[in-house]
Amino acid sequence: MNYYLKLFLLVCIPIIAFSVIAEEKMGVLNPDAHFFHQSFNDLKDELEIAKESGKKGILIMFNDKDCPWCEKMKSTVMNQVSVQEFYQHNFRVLTVDTRGNNIMVNFDGNELMEKDFSFKKHRVRATPVFIFFDLTGKPVVRYTGATRNVDEFQWLGEFAASGAYKFTHYTKYKREKLARVNK
């Protein structure tokens with residue numbers, strides 16, 4: 005029995021290690037491990053962590069395990085190293101299950117289930133929804149749906165991080181970015 009276990013480990017460990025190295029070389033990493041921060045579902049604590057670590061705010065992705073657009077975002081956009089580095093540098097990035105029964109503490113310090121935080125507090129009815137919160141817990145940017153590509157998601161993050169939301173709408177901001185790219 006020990007022989008087979010050792011043989012199994014001897015074969016599997018190099019395969020796993022090779023796949024991680026291959027992902028890194030391709031510029032993609034698992035978003036569950038490299039995009040989202042681990043959370044204990046206490047948003048008051050998350051705000052403190054964001055402030056202490058010099059972040060510009062918190063990004064919450066409201067998602068559903070059966071959402072194909074959420075999976076598309078994770079497998080084509082959030083798995084990109086450049087996206088992960090930008091968002092990790094600027095935001096505390098969290099995820100909330102829109103059908104989840106887990107208890108969480110909202111920014112006001114009140115306990116409620118994830119699904120109530122999603123539906124009742126933030127009116128999330130379709131997924132994915134991305135809400136950027138400032139360091140006081142105030143929602144400042146909301147985007148519903150999957151972005152078309154990596155650039156569009158980067159621009160969304162830049163829009164929130166730069167404070168451009170105070171002066172213009174994201175649609176106009178994105179149009180200006182596209183005009184520069186298409187020159």
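Just so you know, we're using the numbering used here here: the sequence shown kicks off at 5 and counts up by one. Ideal Cβ positions, reconstructed from N, Cα and C, are used throughout, including at glycine.
Check                                                                                            : Outcome
Contact under 7 Å by Cβ, F134 with T102                                                          : no
Alpha-carbon to alpha-carbon, T175 and L182                                                      : 10 Å
Backbone CA spacing between F163 and F123 [nearest angstrom]                                     : 25 Å
Beta-carbon spacing of A150, K76 below 7 Å                                                       : yes
Same chain, Cβ closer than 8 Å to A130, five either side skipped, listed in chain order          : T148, G149
Whole-angstrom distance between N105 and K119, CA atom to CA atom                                : 6 Å
DSSP three-state assignment for G61, whether helix, strand or coil                               : strand
Simplified DSSP state of A80, which is helix, strand or coil                                     : Checking the displayed sequence, the identity of residue 80 turns out to be Thr instead of Ala. In this structure, T80 counts as helix in the three-state DSSP scheme.
Exposure of H93, with buried meaning 16 or more beta-carbon neighbours within 10 Å               : exposed
Within the stretch 105–150, ranges of the beta strand (DSSP E) (whole runs, at least 3 residues) : 107–109, 115–117, 133–137, 143–148
Collapsed DSSP secondary structure at T172 in the structure displayed                            : coil
Under the three-state DSSP convention, the category D46 falls into                               : strand
Of the listed residues H126, G113, G141, nearest to R96 (C-alpha basis)                          : G141
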